[in-house]
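A.B. asks: I'd like to ask some things about the structure below.
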Amino acid sequence: MADVTADGRPHPGLPYPAAWEADVVLHDGSTTHVRPLRPDDADALQAFHVGQSERSTYLRFFAPLERLSERDLTRLVNVDHVDRVALVAVSSGTGPTGADQIIGVARYDRIGSDEAEVAFNIADAHQGRGLGSVLLEHLAAAARERGVRRFVAEVLPQNGRMISVFKQAGYEVRQRTEDGIVAVGFDIDPTDRSLAVMADREHRAEARSMRGVLHASSVVVVGPGKDAADTFAGRLAARVLANLLVGDPSVVVHAVGVPGDPPTPVHDRLADVPGPVGLAVVAVPAAAATDVTRDLARLDVHGIVVLTAGYAEEGPDGRDRQRAVLRAAHGAGMRVVGPSSYGIVSTREGGLQLNASLAEVPPPPGRVGLFCQSAPLSVAMLAAVRRRGIGVSQFVSAGHRADVSGNDLMQFWADDDGTDVVGLYLESLGNPRKFSRVARRLSLLKPVIVVTAGRSGQVVPPGHAVRPTHAPPRTLAEVLRQSGVVRVENTHQLLDVAQVLAHQPLPTGRRTAILASSASVAALVAEAVAAAGLVVSGHVQLLAEDASPDRVRAAVDALYDDADSDVVVVVRIPTVGGPDAVLQDAVAQRAARSRRTTVACIYDLHGLTPELTARDDDGREWTVPAYSTPEDAALALGHAARYARWRAGDRGQPLHPEGAETRSARRLVAGWLAAEAPGDGALALDSEQTAQLLATVGVRPLPSTRVHDADEAVAAAERIGWPVALKTTVPALRHRADLGGVRLDVADEAELRADVAQVLALAAGFETPDGDEPLEVQAMAPHGSACVVRSVEDPLFGPIISFGLAGDASDLLGDIAYGVPPLTDVDVSELVRTARAAPRLFGYRGLPALDVAALEDLIARVSVLADDLPELRSLELNPVVVSEHGAVVLGARAAVSRADRADATRRLPRV
36 MADVTADGRP
46 HPGLPYPAAW
56 EADVVLHDGS
66 TTHVRPLRPD
76 DADALQAFHV
86 GQSERSTYLR
96 FFAPLERLSE
106 RDLTRLVNVD
116 HVDRVALVAV
126 SSGTGPTGAD
136 QIIGVARYDR
146 IGSDEAEVAF
156 NIADAHQGRG
166 LGSVLLEHLA
176 AAARERGVRR
186 FVAEVLPQNG
196 RMISVFKQAG
206 YEVRQRTEDG
216 IVAVGFDIDP
226 TDRSLAVMAD
236 REHRAEARSM
246 RGVLHASSVV
256 VVGPGKDAAD
266 TFAGRLAARV
276 LANLLVGDPS
286 VVVHAVGVPG
296 DPPTPVHDRL
306 ADVPGPVGLA
316 VVAVPAAAAT
326 DVTRDLARLD
336 VHGIVVLTAG
346 YAEEGPDGRD
356 RQRAVLRAAH
366 GAGMRVVGPS
376 SYGIVSTREG
386 GLQLNASLAE
396 VPPPPGRVGL
406 FCQSAPLSVA
416 MLAAVRRRGI
426 GVSQFVSAGH
436 RADVSGNDLM
446 QFWADDDGTD
456 VVGLYLESLG
466 NPRKFSRVAR
476 RLSLLKPVIV
486 VTAGRSGQVV
496 PPGHAVRPTH
506 APPRTLAEVL
516 RQSGVVRVEN
526 THQLLDVAQV
536 LAHQPLPTGR
546 RTAILASSAS
556 VAALVAEAVA
566 AAGLVVSGHV
576 QLLAEDASPD
586 RVRAAVDALY
596 DDADSDVVVV
606 VRIPTVGGPD
616 AVLQDAVAQR
626 AARSRRTTVA
636 CIYDLHGLTP
646 ELTARDDDGR
656 EWTVPAYSTP
666 EDAALALGHA
676 ARYARWRAGD
686 RGQPLHPEGA
696 ETRSARRLVA
706 GWLAAEAPGD
716 GALALDSEQT
726 AQLLATVGVR
736 PLPSTRVHDA
746 DEAVAAAERI
756 GWPVALKTTV
766 PALRHRADLG
776 GVRLDVADEA
786 ELRADVAQVL
796 ALAAGFETPD
806 GDEPLEVQAM
816 APHGSACVVR
826 SVEDPLFGPI
836 ISFGLAGDAS
846 DLLGDIAYGV
856 PPLTDVDVSE
866 LVRTARAAPR
876 LFGYRGLPAL
886 DVAALEDLIA
896 RVSVLADDLP
906 ELRSLELNPV
916 VVSEHGAVVL
926 GARAAVSRAD
936 RADATRRLPR
946 V
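Just so you know, the sequence shown maps onto residues 36 to 946 in the working numbering.
Okay, here's the thing in structure tokens:
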């Protein structure tokens, strides 16, 4: 597109930046679409302007202006997406075309190399919904992408709302008043406070949007037609309508086009349904869903549950249908659950349930929130929940997760007083960085149990929109570990862990007391306990099958009176006879009164049972969960103990290494990419550029000199000072002292000339990059352990930091630790200690301990650079020699490219 300058001449700009388009959730829980302004928006922009009040127009333009002149309109809608950028928030019209209606405009005009003047205008009818803060967020992200680092604005003093938008965004705003105008200025680089504000706003908005769906007081079921009883869509609509009608009687239920003979009036058209309606359940063919979605806008629907398939899983045409539905829904402020959803179940006050699902028998009401994706897996999960007697606060099946995801539900559950434990079955993870942020926040409040599809968690079912990833499978494990979630292998284990976390206190430690019916059983239980990461306290009570009631009670009392135990495992499997009611009652009573976490494996009991339920001294009810095998019980208890330890532990502080200036790094990279990068390809930095980039965060590689022959090597050594290191630049031998590619402690000219000859002869059998000097001379670093620190920008996970000790063994054995920024100081410490060879850094076999603090400081600086600089495609520091006093970078390579990170702004998933 082209910009129009003041004299009307066209000015070339960049192509339309489609990546800036985003669907967002607003403060009130509704949605809107944000996109760049286009020339064909002229009529819509004029309509927006004319619809504004005289006051709003005056605050924006400092003068009354009933209509925009043709010249002004042309200038405003033609932007170059570089020096002049404009974003609009739009809602879809209710007509058949669904034409966009502009409800907010934000724009900047560059006035300096990295400074731009910013202006906003929000429709009167939509003020107070958070549009200003969302547009500021997205405009700032676009500006940073174009090299703008500071916004300035001139605001009338009475426009306090606009000044508040700037201040409440978390930026350090400076203002002064001159001639009746308030001049405002602030840097737009993210700060801890601005990021916290953005995350908090995102949390409140998404939680409120889910509350509107899950707490709906009225529902409309839309089917394919009254005469479509034999179609699959017709059966889905009839089933969910029947389930709704036998649920919470306070919920008003409407039906449109539902076949059969339901005991409620069925309308022929949505136009006949009286509004407003909180929730819509849609079971129509995919081709008709967009029109249905547009018709639902009239009813002020908060959310749509789409039960039918036929969307992105069917290829490009289906993907277009899915996009059209989302576009219509988000433009009208609605969230979408599905498609291919099994529905939702939500427990209300008094135990009543909104059952907008396909489950004829809903799970019992309770305090466990469950999220699942595919409908078939939902069937299996709910069946297992019912068998165990686990009570559910909410259940949501997101189907293909086109919009509502596990992140949205976690945002809601963080504030929901009716949910104590969260369980997620994730077939795919669309935004791992956001998941990590949201899950960590929730895990500090409530346990989150996660199952991922497959061991790698990188399975992408048809219909799921997920970016490709080149990250190793262990990356997801690290994301989950940093988040504090409990990762389990299957639904069975998820429910096992949920039972103990929902119905027992959190463990206070790992010391485990055991009650068993024989020494052999006790030994097996002890083995299971140790395998689960627990510690046998030494207190083992053996209780014979024919023990008297008094002996049973005495054994249970002794078990719980032991002050050296934190948790209890009870195993009672009689070879003859049935359940022992005395034992069950004694365990339930003592577990409740002592608040000591207890699990049981008792014959004929499974899940949550009244036999193992009792009240504590405060009247609160506790249930000892019963498991099929001792191994299941111990594994669930081990997971609970690890979570309790993580939650009570120090999570650390955000990283702010002294002297790290990532703003300078962004300026450097922007200049290099503008001057040299071909399109979106990667630009490999030379050694001087790499050193400049690292210097911005306080990392200074040891200088080296590339040479061709012995004479140049000697001259370089004389400048550097003896002794020196000599290295080949042949990739296969680089850093390989064991193969002769590196010669250390070269003390004089004669030794250096001999080494040069030997290294050149060795390298002759290997391919050397054209134009590269074959040798490198470098000052000697202090002796220590060689390590490798890397950063890679992954399309799905974003920056990934890895650490390991140098050498083939670490690579071949996979002894590499991973971290996903943003990291804390505790995360960095754990990253270093996770590598199995890490003991070499801490005084292994009598050697002196090395300066691990210096290594951690180096990793922290790399982490901050990678997190703040999405253009950093890859960085390798190899080797990093950690000595007794310091850590020295001997080699560094880096590549940069244009940024394409998925979580720079608040946005819903894109299909």
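We treat Cβ as the ideally placed atom computed from N, Cα and C, and that holds for glycine.
Remember, it's a predicted structure, so these values are computed and weren't measured experimentally.
1. With a floor of 3 residues, list each beta strand (DSSP E) that falls wholly inside the region 507-591, ordered by position along the chain.
2. Count the other CB atoms, across all protein chains shown, that sit within 10 Å of the CB of T382; report buried if there are 16 or more and exposed otherwise.
3. Given G921, which residues of its chain have a CB within under 6 angstroms of its CB, disregarding the five upstream and five downstream residues?
4. Is it buried or exposed for S148, if we count other Cβ within 10 angstroms and need 16 for buried?
5. According to the Cβ coordinates, are S285 and L387 closer than 9 angstroms?
6. On the CB-based measure, 16 or more other CB atoms within 10 Å of its CB, does D531 come out buried or exposed?
7. Do you know whose CA, among A410, V777 and R522, lies nearest G458's CA?
8. Using DSSP bridges, identify the partner residues of F447.
9. Closest by CA to R90, which one among T266, A306 and D159?
10. DSSP three-state label for S409, please.
11. Distance, Cα to Cα, A268 vs A391?
12. Taking only the alpha-carbon atoms, compute the straight-line gap between K261 and D296 and give it to the nearest angstrom.
13. Is the beta carbon of E150 less than 9 angstroms from the beta carbon of R185?
14. Under the three-state reduction of DSSP, which class applies to H674: helix, strand or coil?
15. Does the contact criterion of 3 or more C-beta pairs under 8 angstroms hold for the region 401-421 versus the region 372-380?
16. Can you list, in chain order, the stretches of the alpha helix (DSSP H) that have 4 or more residues and sit fully within the region 367-447?
17. On the three-state DSSP scale, how would you describe G130?
18. May I ask you to list the residues that DSSP assigns as paired with W657?
19. Taking the runs of the alpha helix (DSSP H) that are 4 residues or longer, which of them lie wholly in the region 104-191?
20. Look up E17 in the DSSP assignment and give the residues it is bridged to.
21. What would DSSP say about V281, mapped onto helix, strand or coil?
22. Here's the rule I'm using: 16 or more other beta-carbon atoms within 10 Å means buried, otherwise exposed. How should G130 be labelled?
23. Just the C-alpha distance for L276 and F155, rounded to the nearest angstrom, thanks.
24. For Q136, which residues from the same chain have a beta carbon less than 7 angstroms from its beta carbon, with the 5 sequence-adjacent residues on both sides left out?
25. Alpha carbons only, please: which of D597, E828 and L170 is nearest the one belonging to V947?
26. Contact check, R545 vs D601 under 8 angstroms by CB: the rounded distance?
27. If you measure between the beta carbons of S555 and I608, is that distance less than 9 angstroms?
28. Compute the beta-carbon to beta-carbon distance between V924 and P738, rounded to the nearest angstrom, for a pair I have assumed lies under 8 angstroms.
29. Identify which residue in N194, P74, A816 and L464 has its Cα closest to the Cα of R95.
30. Return the CA-CA distance between A870 and E513, expressed in angstroms with no decimal places.
31. Less than 6 angstroms between C-beta atoms, sequence neighbours within five positions excluded: which residues of the same chain meet that for I836?
32. Going by the beta-carbon positions, is the gap between T697 and L858 smaller than 9 angstroms?
33. What are the partner residues of A290, as DSSP defines its beta bridges?
34. Can you tell me whether D596 is buried or exposed? The criterion is at least 16 other CB atoms within 10 Å of its CB, across all chains shown.
35. Which value, in whole angstroms, describes the spacing of the CA atoms of R145 and Y51?
C.D. replies: In terms of the structure at hand:
1. 521-523, 546-551 and 570-577
2. Along the sequence shown, read from residue 1 onward, the residue named residue 382 stands at position 347. T382 should be labelled buried.
3. Counting from one through the sequence shown, the residue named residue 921 turns up at place 886. Here the set comprises D886 and A889.
4. As a working note, residue 148 is residue 113 in the sequence shown. S148 comes out exposed.
5. If you number the sequence shown from 1, residue 285 lands on position 250. If you number the sequence shown from 1, residue 387 lands on position 352. Yes, Cβ-Cβ distance for S285 and L387 is below 9 angstroms.
6. What you label residue 531 is simply residue 496 of the sequence shown in a count that begins at 1. Its Cβ being crowded by 16 or more others within 10 Å, D531 is buried.
7. Residue 458 sits at position 423 when you count from the first residue of the sequence shown. Nearest of A410, V777 and R522 to G458, Cα basis: R522.
8. Reading the sequence shown from its first residue, position 412 is the one you call residue 447. In DSSP, F447 forms no bridge with anything.
9. Against the sequence shown, residue 90 aligns to sequence position 55. Among T266, A306 and D159, the Cα nearest to that of R90 belongs to D159.
10. As a working note, residue 409 is residue 374 in the sequence shown. Reduced to three states, the DSSP call for S409 is coil.
11. Working through the sequence shown from its first residue, we reach residue 268 at position 233. Working through the sequence shown from its first residue, we reach residue 391 at position 356. When rounded, the distance between both Cα atoms is 15 angstroms.
12. Taking the sequence shown and counting its residues from 1, the one referred to as residue 261 is at position 226. Taking the sequence shown and counting its residues from 1, the one referred to as residue 296 is at position 261. In a straight line, the C-alpha of K261 is about 9 angstroms away from that of D296.
13. Locating residue 150 in the sequence shown gives position 115, counting from the first residue. Locating residue 185 in the sequence shown gives position 150, counting from the first residue. Closer than 9 angstroms, so yes.
14. Counted from its first residue, the sequence shown places residue 674 at position 639. Here H674 sits in helix by DSSP.
15. yes
16. 410-423
17. Working through the sequence shown from its first residue, we reach residue 130 at position 95. Any reading at G130 needs caution, since the residue's pLDDT is 49, under 50, leaving its predicted position unreliable; the model's value is listed next. DSSP places G130 in coil when its eight states are reduced to three.
18. Stepping through the sequence shown from its first residue, residue 657 is reached at position 622. DSSP lists A649 as partners of W657.
19. 105-112 and 166-180
20. Because the chain in this structure spans residues 36 to 946, residue 17 falls outside the shown range and cannot be described.
21. Here residue 281 refers to the residue found at position 246 of the sequence shown. V281: coil per DSSP, three-state reduction.
22. Within the sequence shown, numbered from 1, the residue matching residue 130 stands at position 95. Bear in mind that the predicted position of G130 carries a pLDDT of just 49, short of 50, making it unreliable; the figure below should be weighed with that in mind. Exposed is the call here.
23. What you label residue 276 is simply residue 241 of the sequence shown in a count that begins at 1. What you label residue 155 is simply residue 120 of the sequence shown in a count that begins at 1. Their backbone Cα atoms lie some 45 angstroms apart in a straight line.
24. Along the sequence shown, one-based indexing puts residue 136 at 101. If we look at Q136 and ignore the five residues flanking it on each side, its Cβ neighbours are A79, V125, S126 and G128.
25. Only positions 36 to 946 of the chain appear in the structure, and residue 947 is not among them; the question remains open.
26. Numbered from 1 along the sequence shown, position 510 holds the residue referred to as residue 545. Numbered from 1 along the sequence shown, position 566 holds the residue referred to as residue 601. Yes, they are in contact, since the Cβ atoms of R545 and D601 sit about 6 angstroms apart, within 8 angstroms.
27. Position 520 of the sequence shown, counted from the start, is the residue given in the question as residue 555. Position 573 of the sequence shown, counted from the start, is the residue given in the question as residue 608. The answer is no: Cβ separation not under 9 angstroms.
28. Counting from one through the sequence shown, the residue named residue 924 turns up at place 889. Counting from one through the sequence shown, the residue named residue 738 turns up at place 703. With 8 angstroms as the limit, V924 and P738 do not qualify as a contact, their Cβ atoms being about 11 angstroms apart.
29. Taking the first residue of the sequence shown as position 1, residue 95 is located at position 60. Looking at the Cα atoms, N194 is the closest of the given residues.
30. If you number the sequence shown from 1, residue 870 lands on position 835. If you number the sequence shown from 1, residue 513 lands on position 478. Their backbone Cα atoms lie some 13 angstroms apart in a straight line.
31. Translated into the one-based positions of the sequence shown, residue 836 becomes position 801. So the list reads S826, G854 and S898, once near-sequence residues are dropped.
32. Taking the first residue of the sequence shown as 1, we reach residue 697 at position 662. Taking the first residue of the sequence shown as 1, we reach residue 858 at position 823. No, the pair does not count as a contact, with Cβ atoms beyond the cut-off.
33. Counting from one through the sequence shown, the residue named residue 290 turns up at place 255. DSSP lists V256 and V301 as partners of A290.
34. Position 561 of the sequence shown holds residue 596. Exposed, because fewer than 16 other Cβ atoms sit within 10 Å of the Cβ of D596.
35. As a position in the sequence shown, residue 145 is number 110, starting the count at 1. As a position in the sequence shown, residue 51 is number 16, starting the count at 1. Their Cα atoms are separated by approximately 18 angstroms.
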